[in-house]
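Under my numbering, the first residue of the sequence shown is numbered 26, with each subsequent residue one higher.
The beta carbon of each residue, even a glycine, is placed where N, CA and C say it ideally should be.
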Amino acid sequence: MGTVINADKDPDEGVRTWSLCWQAAVGRSFCADPMLADRIRSRLIGAHQRSGRVLLDYVLLPDEIHLIARIRADDSVGGVARAFGNVVSRWVREVQPVRSPVLAGPYRAVILDSDEALRREVRMLAWRPVCRKLCVTPTHHSHGALRVALGLSPSRGFDARPLLGHFGDSVQSARAELRTWLSKRPSEQDWRAWELTRGLELATGCIGPQTIVAKSVGSAAATLIAAGGSYGIDGALELLGIWVLAKIQVSSVLDLHAKSSALAVRGRALVACLAVTHRLCSASSVARHFHRAKATLSEQMSACRGRPADRLILATPLHRILEESAALRTSSGIHAHRSSGPGWR
């Protein structure tokens, strides 16, 4: 019989679970020296050895640091993240004494609002070293909590019981469940959405015939962009177009870019409404995507919001849109990606 885990799987309302990450600037490395990596690991653990903080998981890569932690609501997550980032930046400069930024930008923090969200994050962190081609299997990466949680490496100060508590009631059963949970490798679409949400990759598009821009996006937009097949906004707009057309017509192929029929006008307006609702891009960006005037498209969007049938379409949950779009592309062989044409801003 395995050791019983006394982990608080349902913390009180005053505690939140966060996923935080830092990205190194070009030319910088958090693992430039073996001692540096050990110092950063010790700092991660030490920063959470105080009342109200629990370090659940972490992974250290040459150009990324990720952690999952429970932090009291009255304990500033920003303060924790900035203090850690400042110390790490100073240590990296000591090892790499060049005058350039250490971090690629501010830290990113995402609330994990359910046990399922936490478990998904654990899977992503476990497979991240494999995704970055640092090892061939999650358990081979030495700079992380996974090997400790599975009993493959000594703890060296890291308490894996809070993490294991989300997978079982005893160490033995939790480790078995954790191995099973991690056996499924995240898909390319999973990675795109995860990277976009955490600012590790930026959504890209065009604001003119030659100017390419990039921006950070929220989780809904990131999910749409990832489902579109790339990191570009155009693919997400094409995906929405395919889904909208399936809702407003049954037969015949309709090109929303080329046609000027009433059905095409309605389709473009619905795509624009969905893009704005899910913060994918602005109405003017959608107008450029379809080679249309923004003022005209805005009028058509208003008309859509006034039609009962269109309001029902616009009220469809995002997960339904994604599921139905995937089914449409599978059945018809259509790929929601368009490499040319104006984009967004």
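(request) Count the other C-beta atoms from every protein chain shown that fall within 10 angstroms of the C-beta of Leu189, then say buried if there are 16 or more, exposed otherwise. (result) Counted from its first residue, the sequence shown places residue 189 at position 164. Classification for Leu189: buried.
(message) For Lys240, list the residues DSSP reports as bridge partners.
(response) Position 215 of the sequence shown holds residue 240. Per the DSSP secondary-structure output, Lys240 pairs in a beta bridge with Ala228.
(request) Answer with buried or exposed for Met60, where buried requires no fewer than 16 other C-beta atoms within 10 angstroms of its C-beta. (result) Here residue 60 refers to the residue found at position 35 of the sequence shown. The residue is exposed, with fewer than 16 neighbouring Cβ atoms inside 10 Å.
(message) My assumption, with CB atoms under 8 Å, is that Ala84 sits in contact with His91. Please give the rounded CB distance.
(response) Here residue 84 is taken as the residue at index 59 of the sequence shown, counted from 1. Here residue 91 is taken as the residue at index 66 of the sequence shown, counted from 1. According to the sequence as given, residue 84 is Val; it is not Ala. Contact holds; Cβ gap of about 5 Å.
(request) Pick out the complete beta strand (DSSP E) segments inside the stretch 32 to 74, 3 residues or longer, and give them in chain order. (result) You should have 40 to 48.
(request) Provide the residue span of the beta strand (DSSP E) that contains Leu81, from first to last. (result) Here residue 81 refers to the residue found at position 56 when the sequence shown is read from its first residue. Unbroken beta strand (DSSP E) run through Leu81: 78 to 85.
(request) Going by CA-CA distance only, name the one from Ser285, Leu262, Ala289, His282 that's closest to Ile273. (result) To locate residue 273, count along the sequence shown from 1; it is residue 248. Ile273 has its Cα closest to that of Ala289, out of Ser285, Leu262, Ala289, His282.
(message) On the criterion of 16 or more Cβ atoms from any shown chain inside 10 Å, does His168 qualify as buried, or is it exposed?
(response) Here residue 168 is taken as the residue at index 143 of the sequence shown, counted from 1. By the 10 Å Cβ count, His168 comes out buried.
(request) With DSSP collapsed to three states, give me the class of Leu221. (result) Here residue 221 is taken as the residue at index 196 of the sequence shown, counted from 1. DSSP places Leu221 in helix when its eight states are reduced to three.
(request) Return the CA-CA distance between Gln48 and Ala94, expressed in angstroms with no decimal places. (result) Reading the sequence shown from its first residue, position 23 is the one you call residue 48. Reading the sequence shown from its first residue, position 69 is the one you call residue 94. If you take the alpha carbons of Gln48 and Ala94, they lie about 18 Å apart.
(request) Ignore the nearest five residues each way along the sequence and tell me which others in Asp35's own chain have a CB closer than 8 Å to its CB. (result) Working through the sequence shown from its first residue, we reach residue 35 at position 10. With a pLDDT of only 45 at Asp35, under the threshold of 50, the placement of this residue in the model should not be trusted, and no figure is reported.
(request) Could you tell me which residues DSSP puts in a beta bridge with Gly257? (result) Counted from its first residue, the sequence shown places residue 257 at position 232. Gly257 is bridged by DSSP to Thr229.
(message) Quick check on Gly230: buried or exposed, where buried means 16 or more other Cβ atoms within 10 Å of its Cβ?
(response) On the sequence shown, position 205 is the one that residue 230 refers to. When all chains shown are included, Gly230 counts as buried.
(request) Taking only the alpha-carbon atoms, compute the straight-line gap between Val113 and Tyr256 and give it to the nearest angstrom. (result) For the purposes of this step, residue 113 is taken as residue 88 along the sequence shown, with counting starting at 1. For the purposes of this step, residue 256 is taken as residue 231 along the sequence shown, with counting starting at 1. Cα to Cα, the separation comes out at about 30 Å.
(message) Whether or not the stretch 160 to 177 and the stretch 193 to 211 are in contact is what I'm after, with contact meaning three or more pairs of Cβ atoms, one per stretch, closer than 8 Å; do they touch?
(response) Contact annotation: the stretch 193 to 211 touches the stretch 160 to 177, with at least three C-beta pairs closer than 8 Å.
(message) Measuring only the C-alpha atoms, how far is Ile267 from Val155?
(response) For the purposes of this step, residue 267 is taken as the residue at position 242 of the sequence shown. For the purposes of this step, residue 155 is taken as the residue at position 130 of the sequence shown. So the two alpha carbons sit approximately 34 Å from each other.
(request) Take Leu86 as the anchor and find which of Asp63, Trp116, Tyr132, Phe55 has the nearest alpha-carbon. (result) As a first step, residue 86 must be located in the sequence shown, where it is residue number 61. Of the listed residues, the one whose Cα sits closest to Leu86 is Phe55.
(request) Would you tell me roughly how many angstroms separate the C-alpha atoms of Thr302 and Ser67, rounded to the nearest one? (result) For the purposes of this step, residue 302 is taken as the residue at position 277 of the sequence shown. For the purposes of this step, residue 67 is taken as the residue at position 42 of the sequence shown. If you draw a straight line from the Cα of Thr302 to the Cα of Ser67, it comes to about 43 Å.
(request) Excluding the 5 residues preceding and the 5 following Ala134 in the sequence, name in chain order all residues of the same chain whose CB lies nearer than 6 Å to its CB. (result) Stepping through the sequence shown from its first residue, residue 134 is reached at position 109. Only residues of its own chain outside the window of five on either side were considered, and among them Trp43, Leu45, Val102 have a CB closer than 6 Å to the CB of Ala134, listed in chain order.
(message) Which same chain residues end up closer than 8 Å to Leu353 when comparing Cβ atoms and leaving out the 5 residues on each side of it in sequence?
(response) Numbered from its first residue, the sequence shown carries residue 353 at position 328. Excluding residues within five positions, the ones whose Cβ falls inside 8 Å are Ile267, Trp268, Ala271, Ile359.
(request) For Glu89, count neighbouring C-beta atoms within 10 Å of its own C-beta (all shown protein chains included) and say buried if the count is 16 or more, exposed if not. (result) For the purposes of this step, residue 89 is taken as residue 64 along the sequence shown, with counting starting at 1. It is buried - the Cβ of Glu89 has at least 16 other Cβ atoms within 10 Å.
(request) Let me know if Val79 comes out buried or exposed under the rule of 16 or more other beta-carbons within 10 Å of its beta-carbon. (result) Here residue 79 refers to the residue found at position 54 of the sequence shown. Val79 should be labelled buried.
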